[in-house]
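Reviewing the structure listed below.
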Amino acid sequence: MSRLRKHLVGMAVVIAILAINLPAVAGFATEKWRDYSINRDDYKATHGHWTFLDVPEKFKVNAIHAALLHTGKVLIVAGSGNNAANFDKGTFKTVLWDPAKPGGPDEFKLIDTPVDFFCAGHVVLPDGKLLIAGGTGRFEVLKAKVKRAAGALTIKNEDPDAKPREFHPGTLLTAPGGQVYRTTAHVSVPPARKVETGVPGKVRIRPSQTKVFAEAVTEGAAGLLTAPAGSLKYEIQGLKGREKRDLYAMGGSMTLEKQDFQGIRDAYEFDPVTERYTKVQDMTEGRWYPTMTTLPDGRVMTVSGLDVVGQITRDNEIYNPKTKTWRPGPKRFFPTYPALFLLEDDTLFFSGMSAGYGPGQLALRPPGIWDYRRDTDRPVRTPGGVGGVAPDEMEAFTPVPGLPQPELNETGASVLLPPAQDQRVMVMGGGPVGERQPGLPNATARTAIVDLTEASPRYVRGPDLSDPVRYPNAVLLPDDSVLSFNGSSDYRGRGASDVLRAEVYRPESNSFHEAAAPAVGRNYHAEGLLLPDGRVLGMGSDPLFADKAGSLPGTFDQRIEIYTPTYLHNGEKAPVFTGGRESVSLGRRAGFQTPDAARIHQVRLMRPSAVTHVTDVEQRSIKLDFTRVPTGIIAEIPSNPALVPPGWYMLFGITERGTPSPARWVHIRGEG
Numbered sequence: 181m182s183r184l185r186k187h188l189v190g191m192a193v194v195i196a197i198l199a200i201n202l203p204a205v206a207g208f209a210t211e212k213w214r215d216y217s218i219n220r221d222d223y224k225a226t227h228g229h230w231t232f233l234d235v236p237e238k239f240k241v242n243a244i245h246a247a248l249l250h251t252g253k254v255l256i257v258a259g260s261g262n263n264a265a266n267f268d269k270g271t272f273k274t275v276l277w278d279p280a281k282p283g284g285p286d287e288f289k290l291i292d293t294p295v296d297f298f299c300a301g302h303v304v305l306p307d308g309k310l311l312i313a314g315g316t317g318r319f320e321v322l323k324a325k326v327k328r329a330a331g332a333l334t335i336k337n338e339d340p341d342a343k344p345r346e347f348h349p350g351t352l353l354t355a356p357g358g359q360v361y362r363t364t365a366h367v368s369v370p371p372a373r374k375v376e377t378g379v380p381g382k383v384r385i386r387p388s389q390t391k392v393f394a395e396a397v398t399e400g401a402a403g404l405l406t407a408p409a410g411s412l413k414y415e416i417q418g419l420k421g422r423e424k425r426d427l428y429a430m431g432g433s434m435t436l437e438k439q440d441f442q443g444i445r446d447a448y449e450f451d452p453v454t455e456r457y458t459k460v461q462d463m464t465e466g467r468w469y470p471t472m473t474t475l476p477d478g479r480v481m482t483v484s485g486l487d488v489v490g491q492i493t494r495d496n497e498i499y500n501p502k503t504k505t506w507r508p509g510p511k512r513f514f515p516t517y518p519a520l521f522l523l524e525d526d527t528l529f530f531s532g533m534s535a536g537y538g539p540g541q542l543a544l545r546p547p548g549i550w551d552y553r554r555d556t557d558r559p560v561r562t563p564g565g566v567g568g569v570a571p572d573e574m575e576a577f578t579p580v581p582g583l584p585q586p587e588l589n590e591t592g593a594s595v596l597l598p599p600a601q602d603q604r605v606m607v608m609g610g611g612p613v614g615e616r617q618p619g620l621p622n623a624t625a626r627t628a629i630v631d632l633t634e635a636s637p638r639y640v641r642g643p644d645l646s647d648p649v650r651y652p653n654a655v656l657l658p659d660d661s662v663l664s665f666n667g668s669s670d671y672r673g674r675g676a677s678d679v680l681r682a683e684v685y686r687p688e689s690n691s692f693h694e695a696a697a698p699a700v701g702r703n704y705h706a707e708g709l710l711l712p713d714g715r716v717l718g719m720g721s722d723p724l725f726a727d728k729a730g731s732l733p734g735t736f737d738q739r740i741e742i743y744t745p746t747y748l749h750n751g752e753k754a755p756v757f758t759g760g761r762e763s764v765s766l767g768r769r770a771g772f773q774t775p776d777a778a779r780i781h782q783v784r785l786m787r788p789s790a791v792t793h794v795t796d797v798e799q800r801s802i803k804l805d806f807t808r809v810p811t812g813i814i815a816e817i818p819s820n821p822a823l824v825p826p827g828w829y830m831l832f833g834i835t836e837r838g839t840p841s842p843a844r845w846v847h848i849r850g851e852g
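Spelled out as structure tokens, the structure:
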């Protein structure tokens, strides 16, 4: 009996231990079963597979921007990485990753980074260099931490014969009521301009204007001012004589409200060959959260962004890579990081999606087609036309109606669906402007598609995503599908709201298909891009809080995952290109050697990504007509530079089963 009793007691203890630990045991078993399931060959063949990239500690950065270069390397730009301490120390980072050298000593490289490119704009130029412009000039100050009243001022110079005048940070200015303010940044004030009046010997003086941010020298309410914008004249201390008369500042209210991020004017080109940043001419406007879109002639349209005083600028600019200079572009308002796509008729389409700052009212941010070439910013009143407006001078922006849930256009994804010749744009997910809007959901599963070849294009609703998300990534794949992955159901992943999801959209069936889920949740400051071998890179994530209660501050996730699509797990040997043209002009034919010509079913020319804040207006996939020859294929390059902007592209050959070749880099020249 004693022995039996001991056994019974022992069994009771085991049962009690199992009962206590059953959830952990069950969780362990579930995790093991999941690992087993997702690593089976049949699962990979139907859903694809995610793996982690092994990044040495010294090369881990807060990925804010990413661009694929024609060397096959990926430029990962952090700048200060949304870290005010790094900003104050001047610690700015860029990492170059070479996917072709896994595990090698040269796989990663730190790049000297001259300024804070955090939240800049970037685009790949026709010669393969990356233009990166704008970034952070000053971090935001939340209302609770604002100690000094502050606001925007405009320094004016009425002297056309003066040399540019430099004012250093801390320059003092006195308001009409005697309050004293100090500037927070260095500014250079050019001389005034002489403008011809049409009367011989007479000119009109147009004062120059330079924006600067200023704060009260004293803390608290003593520095508060309430006045219409530009109505108060401030005296610049330390000036004498004519300078005192001709140089002054104009401003309005000085408040203790939140102070927004401020942009910088700096612009650089990154050379993929020398692997260095090189300074080019500054922009006229500072920009934080701008979008840069390639134009048919290789120039770059740069729009929006918070300027040097933290206000959204409508003074757009155009960069010429041949002269490395900027000129003013047509003035037009866009919210920050607008998704702006070049169309085949040389107009620009704003999808309605943006990723940052701007009004929530749809009337101030409608999707539409922008004919930037004839945009004078306002109609010119002349006899005839509609309402006194000449037909050729009417509004150059045509709104596109039909977008469902237009109040949820913030932080959604936009893509020019493949092939680009179809001229269809799709939007996915999104949320309200800012953190929350009363009566609105925090995220949406909505998608919508617009066919821009129609006489009167309008959005139609597409199939819903598997989950409501904002910050979804959307990456074009060589087989004409689109990988949509990650996102969160709340602002910046708040409340542990990241959604571990991935799905593939197939345009031919207008449907989504489940893909393997990533292991890392990603929200704000996340990126995805296509690699030359057909895989997809996923990185970045900047959550607001790390827990559901919102008590633990979030930490930027520096892990990087790589998705291998189903077409690389289908058991078919990928076709390969063994030779061929490296450079070809628009409208010409080019031969490419391959032993797999008989298996190549489609050919695609894919523009590499330049992505930030889930916004990538550069990626596009162009269908190429081709013929088979004994040594390979001969592909025909379209002649339209608005469809195929000049630059470097990845050429993929795709089998009937959808298996792509490794990419062959081809430089498309603009001249015929």
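Numbers in the working numbering are just positions in the sequence shown, counted from 1, shifted up by 180. Note that the Cβ used here is the ideal one computed from N, Cα and C, for glycine as well. Only a predicted model underlies this, so the values are computations on that prediction, with no experimental measurement involved.
Asked	Found
Simplified DSSP assignment, three categories, for Q491	coil
Bridge partner(s) assigned by DSSP for E741	F232, G718
Where T503 falls: helix, strand or coil (DSSP)	coil
Three-state class that DSSP yields for E587 in the structure shown	helix
Meets three-Cβ-pair contact criterion under 8 Å: the stretch 321-332 and the stretch 378-387	no
A696 and R681 closer than 8 Å at C-beta	no
CA-to-CA distance, L596 to L520, given in whole angstroms	10 Å
Three or more C-beta pairs below 8 Å linking the stretch 239-254 and the stretch 720-740	yes
Touch test, the stretch 464-484 against the stretch 289-303, Cβ-Cβ under 8 Å, three pairs minimum	yes
Alpha carbon of D631 to alpha carbon of P826, nearest angstrom	24 Å
Same chain, Cβ closer than 8 Å to D572, neighbours up to 5 away in sequence not counted	In this predicted model, D572 has a pLDDT of only 40, less than 50, meaning its place in the structure is not dependable enough to derive any value.
Inter-residue spacing [alpha-carbon to alpha-carbon] between A859 and R808	No information on residue 859 is available, as it lies outside the stretch 181 to 852 that the chain covers here.
Reduced DSSP category for D796 - H, G, I as helix; E, B as strand; rest coil	coil
8 Å contact criterion, which V480 and I498 should meet: CB distance rounded	7 Å
Length of the line joining the Cα atoms of A429 and G270	30 Å
Cα-Cα separation, Y671 to Y704	8 Å
Nearest-angstrom Cα separation, counted from G283 out to L290	16 Å
Beta-bridge pairing of H302 - partner residues as DSSP gives them	I312
Cβ distance (whole Å) where L436 is taken to contact A329 below 8 Å	5 Å
G228 beta carbon less than 8 Å from that of T744	yes
Cβ-Cβ separation, I814 to T751 (assumed contact under 8 Å), whole Å	Looking at the sequence provided, one finds Gly at residue 751 rather than Thr. Contact doesn't hold; Cβ gap of about 29 Å is too wide.
For R545, the nearest candidate out of E237, E587, L523 (CA to CA)	E587
Start-to-end residues for the beta strand (DSSP E) that takes in G708	707-710
T835 versus S841: straight-line alpha-carbon distance, rounded	8 Å
Where Y517 falls, given that 16 or more other Cβ within 10 Å makes a residue buried	buried
Contact check, V783 vs R849, beta carbons under 8 Å	no
Burial state of D286, where buried means 16 or more other Cβ atoms lie within 10 Å	exposed
Identified DSSP bridge partners for L831	L785, R844
Validate contact between the stretch 495-512 and the stretch 345-360 using beta carbons, cut 8 Å, 3 pairs	no
Close beta carbons around S531, own chain, < 6 Å, minus the five adjacent residues each side	A519, P547, S594, V605, V607
Within 8 Å, strictly: CB atoms of K374 and P344	no
Closest residue to D370 among Q389, A355, K327, G358 (Cα-Cα distance)	Looking at the sequence itself, residue 370 is Pro, so the reference to Asp does not match. Taking only the C-alpha atoms, the option nearest P370 is Q389.
Contact under 8 Å by Cβ, A258 with K273	yes
Spatial distance of G478 from L305 (CA atoms)	7 Å
Backbone secondary structure at N266 - three-state DSSP	helix
Same chain, Cβ closer than 6 Å to A654, five either side skipped, listed in chain order	A593, V595, M608, V662, S664
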